[in-house]
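Worksheet: the structure to be examined is printed underneath.
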Amino acid sequence: MAKIKEINLTELIKPYAKDNVWLALNTMQNKVLATGKTVKEVVDNAKKVSKEKPVIIKAVQNYSTYIF
Amino acid sequence: MKFPYLTLPSTTPFGRTTIDKVPMLKIEFKEFYLDCMIDTGACVSMMPAEFGVAIGLNINSGEPFLVTGLDNISIPSYIHKVEFCVGKILCRIEVAFSEKFKFPFELLGRKDFFDMFKIHFYQSEGFFELETY
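Dropping the structure here:
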């Protein structure tokens, strides 16, 4: 069985985590295309720098202490 | 379809960085993809209201719905039917949108989404699998 390639966002998110901003990543999720304070802003900012459809995720300091 | 867990960082109160592997699914809308956590504990899928606005919804026109969390506090939300793609599969599910939703993940919960797919978690191997019924 082919191994699924791990996606590790640790280093990518770290510089933005304190700012609590939205990130637009490239499709491979290995590069930050743009940031924004709102979803609309980050999508608009990503369109200005790339034709790629961005992947949107929130940058925060802590992802693992939540129970939903 | 197999998908990798996402590895995400967390900083403890003592300043130590830990990592967590999360079953996050990249779902596709017209203008962007969104990383959402597959949440067996959520009765319904849930997203912040601003996502609804970004995909063209009038949030307050949805069906009002109270979502209760661990602390037994209910937050108001509005239910809308939302379409997106997972790979080539078109999904149409109910999503609760709320201004009060402040988690870092958008949630794919049991209603509708879990009716569409059999979901297998292989956490120690770092992936999960969706299989249509």
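Protein sequences, first through last, are from chains A and B. Following our numbering, the numbering of the first sequence begins with 2 at its first residue and continues without gaps. Following our numbering, the numbering of the second sequence begins with 4 at its first residue and continues without gaps. A virtual CB, placed ideally from N, CA and C, is assigned to each residue, including glycine. From a predicted model like this one, the values you see are computed outputs, not experimental measurements.
**Neighbour flag for A:Thr39 against chain B, beta carbons, 8 Å** = Walking along the first sequence from the start, residue 39 of chain A turns up at place 38. Interface residue, yes.
**Request:** State the start and end residues of the unbroken beta strand (DSSP E) segment that holds B:Ala57.
**Result:** Sequence index remark: in the second sequence, residue 57 of chain B carries index 54 (1-based). Going by DSSP, B:Ala57 is part of no beta strand (DSSP E) but of the alpha helix (DSSP H) stretching over Ala52 to Ala57.
**Item:** Residues from the stretch 37-51 of chain B in contact with chain A, defined by Cβ distance under 7 Å
**Value:** Residues are counted here when their Cβ sits less than 7 Å from a Cβ of chain A; for the stretch 37-51 of chain B these are Leu37, Asp38, Asp42, Gly44 and Ala45, given in chain order.
**Prompt:** What's the gap between the Cα of A:Val22 and the Cα of A:Asn9?
**Reply:** Residue numbering aside, residue 22 of chain A sits at position 21 when the first sequence is read from its first letter. Residue numbering aside, residue 9 of chain A sits at position 8 when the first sequence is read from its first letter. In a straight line, the C-alpha of A:Val22 is about 19 Å away from that of A:Asn9.
**Request:** Under 8 Å between beta-carbons, which chain B residues line up against A:Tyr64? List them in chain order, please.
**Result:** Within the first sequence, numbered from 1, the residue matching residue 64 of chain A stands at position 63. Ordered by position in chain B, the residues that pass the 8 Å Cβ test against A:Tyr64 are Leu11, Pro12, Ser13, Asp23, Val25, Pro107 and Phe108.
**Prompt:** Are the beta-carbon atoms of B:Ile78 and B:Val70 separated by less than 8 Å?
**Reply:** For this step, residue 78 of chain B is matched to residue 75 along the second sequence. For this step, residue 70 of chain B is matched to residue 67 along the second sequence. Contact check for B:Ile78 against B:Val70 passes: the beta carbons are separated by less than 8 Å.
**Request:** Whole angstroms is fine: what's the gap from B:Gly44's alpha carbon to A:Lys52's?
**Result:** Looking up residue 44 of chain B in the second sequence gives position 41. Looking up residue 52 of chain A in the first sequence gives position 51. Cα-Cα distance, rounded: 36 Å.
**Item:** Cβ-Cβ separation, B:Tyr125 to A:Val56 (assumed contact under 8 Å), whole Å
**Value:** Within the first sequence, numbered from 1, the residue matching residue 56 of chain A stands at position 55. Within the second sequence, numbered from 1, the residue matching residue 125 of chain B stands at position 122. The C-beta distance from A:Val56 to B:Tyr125 rounds to 22 Å, too long to meet the 8 Å contact threshold.
**Request:** List the residues of chain B that A:Asn9 touches, going by C-beta distances under 7 Å, in chain order.
**Result:** The residue given as residue 9 of chain A occupies position 8 in the first sequence. Those are Thr10, listed as they occur along chain B.
**Message:** So A:Pro79 contacts chain B; which residues on that side make the cut at Cβ distance below 9 Å?
**Reply:** No information on residue 79 of chain A is available, as it lies outside the stretch 2 to 69 that chain A covers here.
**Prompt:** If you scan the stretch 86-114 of chain B from start to end, which runs of the beta strand (DSSP E) of 3 or more residues do you find wholly inside it?
**Reply:** Unbroken beta strand (DSSP E) runs of no fewer than 3 residues, entirely contained in the stretch 86-114 of chain B, are found at 92-101 and 109-111, following chain order.
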